[in-house]
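Asks: Encoded as structure tokens, here's the structure I'll be asking about.
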Amino acid sequence: MNLNCQFIEATTIDDAHFKLIRRIFQAGRVYVIDRGSYEGHKRLEYDFVGFHIKYPGTRPLAPQMPPGVPPVTDDKAIDEYFVKYLFSDYVAKEELYTYGQYIRPQLEPVIAMLRDQGAGTNQATIAIGNEDSITQEHPACLRLIDCRIMYGKLHFIIYFRSWDLWAGLPENLGGLQLLKEFMA
């Protein structure tokens, strides 16, 4: 059997969130988790999904939930997530890691590469994790931020090994949009 590859075009983070949720019920697969968070539980997951958000900076960044459905996040939480987990390299005692500990040391070199050497490069990539990540009980879900200037704008091509589609993804995407705005 072949991988069931899905692709979604969306206008905003909000639009992407709802389209991804709708599609996973049509194209997702259920499996039992052998290793990792919630070992032994069933999970609904895409085999592979790619999506493009045409206007990721549209405010509000947080998905707008229908009446009666509690919000999965809000713009204040996204701002805090950006500052604490994406932009800062501080790791608290109770944390295994933050994305910022990997992003922060690479941020200035990537910005300088794009600013000083031009947009015609595919080397401006921020890697998340290190050689010890594979042995962590809960390794980082975000693994790669490929930064490219195309058509006069900074674009992120992002790879997640896994994510919580309902609540985690919108906060991740909102925070990454704020990172992109900082870099631009």
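The UniProt record's numbering applies: residue 1 is where the sequence shown begins, and numbers increase by one.
Heads up, the beta-carbon is just placed ideally off N, CA and C, and yes, glycines get one too.
Between R115, A127, R23, Y151, which lies nearest to Y46 when the distance is taken from Cα to Cα?
Replies: To locate residue 46, count along the sequence shown from 1; it is residue 46. If we check each option's Cα against that of Y46, R23 comes out closest.
Asks: Use the C-beta contact count for D89: other C-beta atoms within 10 angstroms, 16 or more gives buried, fewer gives exposed.
Replies: Walking along the sequence shown from the start, residue 89 turns up at place 89. Exposed is the call here.
Asks: Classify A184 as buried or exposed, calling it buried when 16 or more other Cβ atoms lie within 10 Å of its own Cβ.
Replies: As a working note, residue 184 is residue 184 in the sequence shown. Exposed, by the Cβ-count rule.
Asks: Using the Cβ count rule (16 or more neighbours within 10 Å means buried), how would you classify P170?
Replies: Walking along the sequence shown from the start, residue 170 turns up at place 170. Buried is the call here.
Asks: In whole angstroms, what is the alpha-carbon distance linking V30 and H41?
Replies: Counting from one through the sequence shown, the residue named residue 30 turns up at place 30. Counting from one through the sequence shown, the residue named residue 41 turns up at place 41. Their backbone Cα atoms lie some 10 Å apart in a straight line.
Asks: Please state whether DSSP places L3 in a helix, a strand or coil.
Replies: Looking up residue 3 in the sequence shown gives position 3. Looking at L3 - three-state DSSP - the assignment turns out to be coil, as it is neither helix nor strand.
Asks: Kindly list the residues whose CB is nearer than 8 Å to the CB of Y102, restricted to its own chain and excluding five residues on each side of it in sequence; keep chain order.
Replies: Along the sequence shown, one-based indexing puts residue 102 at 102. Around Y102: I126, A127, I128, G129, N130, A140.
Asks: Is it the case that the segment 31-40 contacts the segment 71-85, given that we only count it when at least three CB pairs across the two stretches are under 8 Å?
Replies: Output reads no: the segment 31-40 does not touch the segment 71-85.
Asks: For my contact list, D146 and F156 are in at a C-beta cut-off of 8 Å; report their separation, rounded to the angstrom.
Replies: The sequence position of residue 146 within the sequence shown is 146, counting from 1. The sequence position of residue 156 within the sequence shown is 156, counting from 1. So it is a contact: roughly 7 Å between Cβ atoms.
Asks: Measuring straight from C-alpha to C-alpha, what distance separates G175 and F87?
Replies: Translated into the one-based positions of the sequence shown, residue 175 becomes position 175. Translated into the one-based positions of the sequence shown, residue 87 becomes position 87. The straight-line gap from Cα to Cα measures roughly 9 Å.
Asks: Give me the residue from I53, V69, A124, A92 with the minimum Cα distance to Q177.
Replies: In the sequence shown, counting from the first residue as 1, residue 177 sits at position 177. Out of I53, V69, A124, A92, I53 has the C-alpha closest to the C-alpha of Q177.
Asks: Looking at the strands, I want to know which residues DSSP matches up with E9.
Replies: Translated into the one-based positions of the sequence shown, residue 9 becomes position 9. For E9, which the question treats as bridged, DSSP gives the partners H52.
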